[in-house]
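Trainee:
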Amino acid sequence: MFFVLKYVQSETCANVPCLFIRTMASGTALVYDDEMTSHKLLWEDAICAIEIPERLSSCYENLKRYNLVERCLSVPVREGTEDEITLVHSLDYLEIVKTTQKMNEEELRKASANYDAVFFHPTTYRCAKLAVGATLQLVDAVMSGTTRNGMALVRPPGHHSQRSAANGFCVFNNVAIAAKYAQRKYGLQRVLIVDWDVHHGQGIQYIFEEDPSVLYFSWHRFEHQRYWPCLRESNYDAVGRGKGMGFNINVPWNKTGMKNSDYLAVFLHVLLPVAFEFDPEVVLVSAGYDSGIGDPEGQMSATPECFAHLTHFLMHLAKGKLCVVLEGGYHLRSLSESVCMTIKTLLGDPLPSLSGEMKPCLSAVESIHDVRAAHKSYWKCLSHEDLTPLKNLSTKSCQLEQGEAVLTGAPLVSQQEAGKANSDEATKTDKFLELHMKEILTVEPPVKTAVAVPERNVNLLPSSVQNEKNEDIEELNAIVREFVKEEKALNALGNMLAILEKIVKKKVTSGLVVSQEASVSSALALKHCHNLRLQKVLCIFIGDMDMKIDLDDGKVLLMNICGKPSEQANTKYNVSLNWKEDAEKSTFSSALFGFILPVAYSYQPDLMVIVVGSNQTLGTNGISMLMSLLQGLAQSRILALIQDTEVQLLENITKPLMGDITPGFGTCTPALQENMQMVKKLQEQLQQEWKMLQCSVKVSLTER
Ligand code: X5A
Ligand code: ZN
495 MFFVLKYVQS
505 ETCANVPCLF
515 IRTMASGTAL
525 VYDDEMTSHK
535 LLWEDAICAI
545 EIPERLSSCY
555 ENLKRYNLVE
565 RCLSVPVREG
575 TEDEITLVHS
585 LDYLEIVKTT
595 QKMNEEELRK
605 ASANYDAVFF
615 HPTTYRCAKL
625 AVGATLQLVD
635 AVMSGTTRNG
645 MALVRPPGHH
655 SQRSAANGFC
665 VFNNVAIAAK
675 YAQRKYGLQR
685 VLIVDWDVHH
695 GQGIQYIFEE
705 DPSVLYFSWH
715 RFEHQRYWPC
725 LRESNYDAVG
735 RGKGMGFNIN
745 VPWNKTGMKN
755 SDYLAVFLHV
765 LLPVAFEFDP
775 EVVLVSAGYD
785 SGIGDPEGQM
795 SATPECFAHL
805 THFLMHLAKG
815 KLCVVLEGGY
825 HLRSLSESVC
835 MTIKTLLGDP
845 LPSLSGEMKP
855 CLSAVESIHD
865 VRAAHKSYWK
875 CLSHEDLTPL
885 KNLSTKSCQL
895 EQGEAVLTGA
905 PLVSQQEAGK
915 ANSDEATKTD
925 KFLELHMKEI
935 LTVEPPVKTA
945 VAVPERNVNL
955 LPSSVQNEKN
965 EDIEELNAIV
975 REFVKEEKAL
985 NALGNMLAIL
995 EKIVKKKVTS
1005 GLVVSQEASV
1015 SSALALKHCH
1025 NLRLQKVLCI
1035 FIGDMDMKID
1045 LDDGKVLLMN
1055 ICGKPSEQAN
1065 TKYNVSLNWK
1075 EDAEKSTFSS
1085 ALFGFILPVA
1095 YSYQPDLMVI
1105 VVGSNQTLGT
1115 NGISMLMSLL
1125 QGLAQSRILA
1135 LIQDTEVQLL
1145 ENITKPLMGD
1155 ITPGFGTCTP
1165 ALQENMQMVK
1175 KLQEQLQQEW
1185 KMLQCSVKVS
1195 LTER
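Note that our numbering has the sequence shown beginning at 495, numbered continuously upward.
(1) Give the straight-line distance between the Cα atoms of PHE801 and SER832, rounded to the nearest whole angstrom.
(2) Taking the C-alpha atoms as reference points, what is the distance between PHE770 and CYS875?
(3) Determine the burial state of PRO1059: buried for a count of at least 16 other Cβ atoms within 10 Å of its Cβ, exposed for fewer.
(4) Evaluate contact between the stretch 909-926 and the stretch 983-991, counting only Cβ atoms and requiring at least three cross-stretch pairs below 8 Å.
(5) Is the CB-CB distance between TRP747 and ARG715 below 8 Å?
(6) Where does CYS621 fall in DSSP's three states?
(7) Tell me whether ARG565 sits in a helix, a strand or coil according to DSSP, three-state version.
(8) From GLY850 to PHE702, what distance separates their C-alpha atoms?
(9) If you measure from each residue's Cβ to the nearest non-hydrogen atom of the ligand ZN, which ones come out under 5 Å, in chain order?
(10) Is PRO790 near the ligand X5A, judged by its Cβ being under 7 Å from some heavy atom?
(11) Tell me whether the beta-carbon of ALA1053 lies closer than 8 Å to the beta-carbon of SER1083.
(12) Please confirm whether any heavy atom of the ligand X5A lies closer than 7 Å to the CB of HIS653.
(13) Where does ILE590 sit, in a helix, a strand or coil, going by DSSP?
(14) Report the rounded CA-to-CA distance for TYR609 versus ASN661, giving the unit in angstroms.
(15) Cα separation between GLU545 and GLN595?
(16) For LYS942, report the span of its beta strand (DSSP E) as first-last.
(17) At what residues does the beta strand (DSSP E) containing GLN1137 begin and finish?
(18) What residue does the beta strand (DSSP E) around VAL978 start on, and which one ends it?
(19) Name, in chain order, the residues that DSSP records as bridge partners for VAL1008.
(20) Bridge partners of CYS664, per DSSP?
(21) Taking GLY988 as part of the beta strand (DSSP E), name the residues at either end of that continuous run.
(22) In three-state DSSP terms, what is ILE698?
(23) Shortest alpha-carbon distance to THR1148 belongs to which of VAL1105, LEU1071, MET1121 and ILE698?
(24) Should the stretch 1138-1153 be called in touch with the stretch 945-952, which here means at least 3 C-beta pairs below 8 Å?
(25) May I ask you to check if the CB of ALA611 is nearer than 7 Å to at least one heavy atom of the ligand X5A?
(26) Less than 8 Å between the C-beta atoms of LEU778 and VAL669, yes or no?
(27) For PHE1089, I'd like the list of residues in its chain whose CB is within less than 6 Å of its CB, leaving aside the five on either flank, ordered along the chain.
(28) Any heavy atom of the ligand X5A closer than 7 Å to the beta-carbon of ILE541?
(29) When you compare the CB positions of GLY1160 and LYS813, do they come within less than 8 Å of one another, or not?
(30) With which residues is MET794 paired in a DSSP beta bridge?
(31) By the three-class DSSP mapping on this structure, what secondary structure does THR889 have?
(32) Which residue comes first and which comes last in the beta strand (DSSP E) that contains CYS1033?
(33) Can GLY697 be considered in contact with the ligand X5A, in the sense that its beta carbon sits closer than 7 Å to one or more heavy atoms?
(34) My guess is that ALA868 and VAL733 are in contact by the Cβ rule of under 8 Å, so how many angstroms apart are they, rounded?
(35) I need the straight-line Cα distance from ASN961 to GLU564, nearest angstrom please.
(36) With H, G and I counted as helix, E and B as strand and the rest as coil, what does DSSP make of GLN1129?
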C-alpha cells in the first residue's frame, strides 16, 4: 500500500495514551499554596476590600472542576530569600515590611496608610515572600527544562510595588524580581514582560526603564490620566530612558469597555511584531484578570477565551518558555474562568474561537496608532510606517483640571447605591459566564493529527508513530471518481477525504496529506467542504500553484502567497500576497501580523486548508511560524496538503500541527522593502472589509 494512514497523538491530552515520545521540554507547572490566602484586610476600606483570599481559592477550585490540576505538574512554593527580594527592593523597605509581622491592628493600619491602596496583615510578610518564591520556583521549573511553561497563583500581587514602596495591593514585585533572577541565574540577555493587567504596572516600568535587556509591555485603563494611578508616565510616550529607550511600551486605554478585538488588535499590531523582533529568551506575564469582563476595577469586556488567545500567541516566543504570574482580577467567576482558559492553553488544548465582532473600536485604534508612532524609531518592524502621534502631547489636556474629580470607576452616587449597582453588575456577569463557558467549551476531540504520507516519507515525520489500520474508504472513493479519472490517484484522494471528514466530525483535530497534485487535492477538499456544509473555510496556498477553485462567495476565503505577482485583482475573498524570497529568512512576521492573522481573525473560519506547493518563498521558518500561529483559529482544525516534491517541509508542518513549539524563530525583522510595501498596500486595500487590519487612524477616521 502506497499510503499509510496514521494518527499522531499529542501527549498533553488527558486520559489518552500517547503514541510517541516528545523530545522537547513539555508540560505545564502549577505553583500554588493556600497559605497565601491568609493575608487579608482586617478593617473597613472600600478601596482594598476587593483583594480577598477567595481570589486565589476560587481559581484553584475551578481548576479542579475542569480536571486541570491533575494535568499540571504541581510545583511547591518556597519563600523568596532576602537576597532575591533585594534584587529589586531596598534593604530599608524589606526591613519595614518585616516589622509588620509583629504589629497589632492599630499599627498595621498606620503602616498601611503610608502607602497608596495597601493593607498589611500579620501574615503579609510571609505571604509576600511566598509569592516571590512561588514565582521563582516557576522560573526555575521552566528555565531548567522541567516543564515547558507554567503559572503561579499568588497573593499579594506585585506589579505596582517599587524599590522602596508598597502600592496598589502589591508588596514585593514578584515579576520584576523574577526577571532579575532569571538574568542572574541563567545568564539571560533578553527578558520580555507582558503585563495584561488592566492597571499600569508602574513599579515594573520604574525598575527597568533604563534597561534594554528587559522589554516591558503594559496596556492599561488610562482615560487621559484620570484613572488610577493617574500618572503622566503611563502614557504611550513613555518609551524608556537612556539605553532603555524603546524597551518600555505603554498602551493607554482611553475608554472602558475594551473587548476581545481591541486586545487582539494591540497584540497583532503592537506587541507581537516587536516581541518577535526582540526575540526574548523567556517571557514573563504579569497576568491580571481585572482586564476581563465583569471586573469592577477594569470595566472592560474581554471574555475568558481572549486570555487563551493571548497566551497562545506568547507561547511561540522564547521556544515556549512562558511563565504566567497572577496579578489582579476581582470578579471571582471571570477571574477563575480566565485563569482556567490560560492554563488549558498552556497545556496545549485547542482554543475556543474568539467571540464577538472582530473590529477594534476607534479609541483602541487611536491608542495603537499613537504607540506605533512613538516606537517607530526603535523597532524595524514599525520603521516603514509614516506615522505621527495623533495629538500633540504637550498641548493635550491630559492633566486634571483644577478641582476635577478623579474617576475611580465607581459612578458619582452614594456608596450604598454604588455597591448595589456593582453587585447587580457582578451577578449579570456571573450568569453570562455560566452560559458562555458552556457554549465555548464544547467537547473536544483528543488532540490528534491524522497523517497520510507515502511510506518512503514516514521517516520525515517528527517521531516514530504507530500504524493504524486503513479506513474503509469505498464510499469516499466514489466521490473521488466523479472528480478525477486516474485510478492511481484514487486511494490517495480517498484517504484525504477520510481525514477531512474526521476533522469535521471532530474525531481528530488536524490532518496532514502528501499529495502528488496538491492543486487537484485542494480543489477536491474544498468541494467536499461544500458538501459537508462548512460555512467558512480559510484556504491558504503557499508557492506556485495552478488553482482550480470555485469561489462560492464567502464560504471560502482564498489567500495565495506566491513569489510571482498575480494578474488578478484582489477581492474580499480572493487575495494574492506577493512575497519575495528573502535572504534573511526570518522576515515573514510582518506579513503574518500585519495581514494574514488580522484577516484570518476577521473571517473566523470553521476550518483551514493549507496547501504547500513548489517554489514557496516563506522559508522553513516562515512556514513553521504560519502553521503555529494559525492554531489559534478554527479550534485548530487544519488540513495541510503538501505537494510531494516538498516533503522536506514535513517536519516544519507536522510539529506545529501537533502543538509542538518549534525550536525558536530567531529575531524576526523585516528586510525587503518590497515585501513591506506589499503588506501596507494590502492593509489599505482591505481594511474596510477585514476590520482587524485597522491599526492607524488616517483612513479609518473618514471611512468608518
Ligand atoms: C494588582 C492590582 C490594583 C489596585 C487598585 C487601587 N492592583 N485602586 O490590580
Ligand atoms: Zn490590576
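Heads up, the beta-carbon is just placed ideally off N, CA and C, and yes, glycines get one too.
Mentor: Short version:
(1) Within the sequence shown, residue 801 is the residue found at index 307, counting from 1. Within the sequence shown, residue 832 is the residue found at index 338, counting from 1. The straight-line gap from Cα to Cα measures roughly 6 Å.
(2) Counting from one through the sequence shown, the residue named residue 770 turns up at place 276. Counting from one through the sequence shown, the residue named residue 875 turns up at place 381. Going by the C-alpha atoms only, they are around 9 Å apart.
(3) Translated into the one-based positions of the sequence shown, residue 1059 becomes position 565. It is exposed - the Cβ of PRO1059 has fewer than 16 other Cβ atoms within 10 Å.
(4) no
(5) Stepping through the sequence shown from its first residue, residue 747 is reached at position 253. Stepping through the sequence shown from its first residue, residue 715 is reached at position 221. Yes, the Cβ-Cβ distance between TRP747 and ARG715 is below 8 Å.
(6) Sequence index remark: in the sequence shown, residue 621 carries index 127 (1-based). If DSSP states are grouped into helix, strand and coil, CYS621 belongs with the helices.
(7) Your numbering for residue 565 matches position 71 in the sequence shown. DSSP places ARG565 in helix when its eight states are reduced to three.
(8) Your numbering for residue 850 matches position 356 in the sequence shown. Your numbering for residue 702 matches position 208 in the sequence shown. Each residue's Cα considered, the two are about 36 Å apart.
(9) ASP691, HIS693, GLY782, ASP784 and GLY822
(10) In the sequence shown, counting from the first residue as 1, residue 790 sits at position 296. No, the Cβ of PRO790 stays beyond 7 Å of every heavy atom of the ligand X5A.
(11) Here residue 1053 refers to the residue found at position 559 when the sequence shown is read from its first residue. Here residue 1083 refers to the residue found at position 589 when the sequence shown is read from its first residue. It should be noted that the sequence gives Met, not Ala, for residue 1053. For MET1053 and SER1083, no; Cβs fall outside 8 Å.
(12) Stepping through the sequence shown from its first residue, residue 653 is reached at position 159. Yes - the ligand X5A has a heavy atom lying nearer than 7 Å to the Cβ of HIS653.
(13) Translated into positions along the sequence shown, residue 590 becomes position 96. Here ILE590 sits in helix by DSSP.
(14) Taking the first residue of the sequence shown as 1, we reach residue 609 at position 115. Taking the first residue of the sequence shown as 1, we reach residue 661 at position 167. Computed Cα separation, rounded: 6 Å.
(15) Against the sequence shown, residue 545 aligns to sequence position 51. Against the sequence shown, residue 595 aligns to sequence position 101. Answer to the nearest angstrom: the Cα atoms are 19 Å apart.
(16) In the sequence shown, the residue the question calls residue 942 occupies position 448. It spans 942-948 - the beta strand (DSSP E) in which LYS942 sits, taken as one unbroken run.
(17) Walking along the sequence shown from the start, residue 1137 turns up at place 643. Run containing GLN1137: 1132-1137, per the beta strand (DSSP E) assignment.
(18) The residue labelled residue 978 in the question sits at position 484 within the sequence shown. Segment: none, VAL978 is in no beta strand (DSSP E) and carries neither H nor E.
(19) Locating residue 1008 in the sequence shown gives position 514, counting from the first residue. Looking at the DSSP assignment, VAL1008 forms a beta bridge with ILE1136.
(20) The sequence position of residue 664 within the sequence shown is 170, counting from 1. Paired residues: ASN661.
(21) If you number the sequence shown from 1, residue 988 lands on position 494. Segment 984-998 is the alpha helix (DSSP H) holding GLY988; no beta strand (DSSP E) there.
(22) Taking the sequence shown and counting its residues from 1, one reaches residue 698 at position 204. Reduced to three states, the DSSP call for ILE698 is helix.
(23) Position 654 of the sequence shown, counting from 1, holds the residue named residue 1148. Of VAL1105, LEU1071, MET1121 and ILE698, the residue nearest in Cα terms is MET1121.
(24) yes
(25) Taking the sequence shown and counting its residues from 1, one reaches residue 611 at position 117. Result yes, Cβ under 7 Å from the ligand X5A.
(26) On the sequence shown, residue 778 is found 284 positions in, with the first residue counted as 1. On the sequence shown, residue 669 is found 175 positions in, with the first residue counted as 1. Cβ atoms of LEU778 and VAL669: closer than 8 Å.
(27) As a first step, residue 1089 is located in the sequence shown; it is residue number 595 there, counting from the start. Cβ neighbours of PHE1089 beyond the five flanking positions: VAL1173 and LEU1176.
(28) Your numbering for residue 541 matches position 47 in the sequence shown. Yes, Cβ of ILE541 sits closer than 7 Å to a heavy atom of the ligand X5A.
(29) For the purposes of this step, residue 1160 is taken as the residue at position 666 of the sequence shown. For the purposes of this step, residue 813 is taken as the residue at position 319 of the sequence shown. Result no, Cβ atoms of GLY1160 and LYS813 do not sit closer than 8 Å.
(30) Residue mapping note: residue 794 aligns to position 300 of the sequence shown, counting from 1. Answer is ILE787.
(31) Against the sequence shown, residue 889 aligns to sequence position 395. Unreliable positioning characterises THR889 in this predicted model, as indicated by a pLDDT of 37, which lies under 50. The coordinate reading is nonetheless provided below. Three-state result, THR889: coil.
(32) To locate residue 1033, count along the sequence shown from 1; it is residue 539. Its beta strand (DSSP E) spans residues 1031-1036.
(33) For the purposes of this step, residue 697 is taken as the residue at position 203 of the sequence shown. False, no ligand heavy atom lies under 7 Å from that Cβ.
(34) For the purposes of this step, residue 868 is taken as the residue at position 374 of the sequence shown. For the purposes of this step, residue 733 is taken as the residue at position 239 of the sequence shown. At roughly 6 Å, the Cβ-Cβ gap stays under 8 Å, so ALA868 and VAL733 are in contact.
(35) For this step, residue 961 is matched to residue 467 along the sequence shown. For this step, residue 564 is matched to residue 70 along the sequence shown. Residue confidence for ASN961 is low, a pLDDT of 41 falling below 50, so the modelled location carries little weight and cannot support an answer.
(36) Reading the sequence shown from its first residue, position 635 is the one you call residue 1129. Three-state DSSP puts GLN1129 in a helix.
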